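Trainee:
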Amino acid sequence: MDIATLIGVIAGLALIFTAGAAYQTLLLDPTNLLFVIAGGM
1 MDIATLIGVI AGLALIFTAG AAYQTLLLDP TNLLFVIAGG M
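Heads up: the sequence shown is residues 1 to 41, going by the UniProt record's numbering.
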């Protein structure tokens, strides 16, 4: 496995983890959706 592939795998896992954490936060407090939308722009 070369460096580029390793970086891609790590980035992919980080993205999945971040998305999962954000989704759980939205379930706990729907108002956070506004911050997610603002952050995505």
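C-beta atoms are modelled at their ideal positions from N, C-alpha and C, and glycine is treated no differently. Predicted model, so just to flag it, every value in this text is computed and none were measured.
Measure from the alpha carbon of Ala22 to the alpha carbon of each residue in Ile10, Ile37, Ala4 and Gly8, then state which is nearest.
Mentor: Looking at the Cα atoms, Ile37 is the closest of the given residues.
Trainee: If you measure between the beta carbons of Leu26 and Leu33, is that distance less than 7 Å?
Mentor: A contact, by the Cβ cut-off of 7 Å.
Trainee: Measure from the alpha carbon of Gly40 to the alpha carbon of each residue in Asp2, Asp29, Ala19 and Leu6, then state which is nearest.
Mentor: With distances taken between Cα atoms, Gly40 lies closest to Ala19.
Trainee: Looking at the structure shown, is Thr31 part of a helix, part of a strand, or coil, going by DSSP?
Mentor: Thr31: coil per DSSP, three-state reduction.
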